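The numbering of the sequence shown is my numbering, which starts it at 5 and goes up by one.
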Amino acid sequence: MVIGDHDEGEEEMMVAATKPVWLEGLMSETFFSSCGIHESRRKSEKNVFCLLCCLSVCPHCLPSHRSHPLLQRFESKVQNVNITI
Ligand SMILES: [Zn+2]
Ligand SMILES: [Zn+2]
């Protein structure tokens, strides 16, 4: 499943109607800020969002979320969001 900026009206309406909890969490999260736990480590940008925990995590936090549905944000210039389950 891929959520992009494409114009699939039906799909977007469904998302808006159900408004999943993780989406609200996603909206309120700031991506690419550094992880509070791993801020001293390199590459601690929180660029992955865990749909189960409803929080964004850095690559160092990722191992504990391996079994969770994850949504990965790539470079900020790329506007697409891919869900990798
Ligand atoms: Zn971390
Ligand atoms: Zn998680």
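Beta carbons are placed, not taken as given, at the ideal position from N, Cα and C, and that holds for glycine. Computed from a predicted structure; not experimentally measured.
Distance check between leucine 56 and each of Met31, Ser38 and Ser71 places Ser71 closest, using alpha-carbon atoms only.
Going by C-alpha positions, leucine 74 is about 24 Å away from serine 44.
Ligand 1 has a heavy atom closer than 6 Å to the beta-carbon of cysteine 39.
In this structure, ligand 1 has no non-hydrogen atom nearer than 6 Å to the beta-carbon of cysteine 57. Not one heavy atom of ligand 2 falls within 6 Å of the beta-carbon of cysteine 62.
By the neighbour-count definition (other C-beta atoms within 10 Å, threshold 16), valine 25 is an exposed residue.
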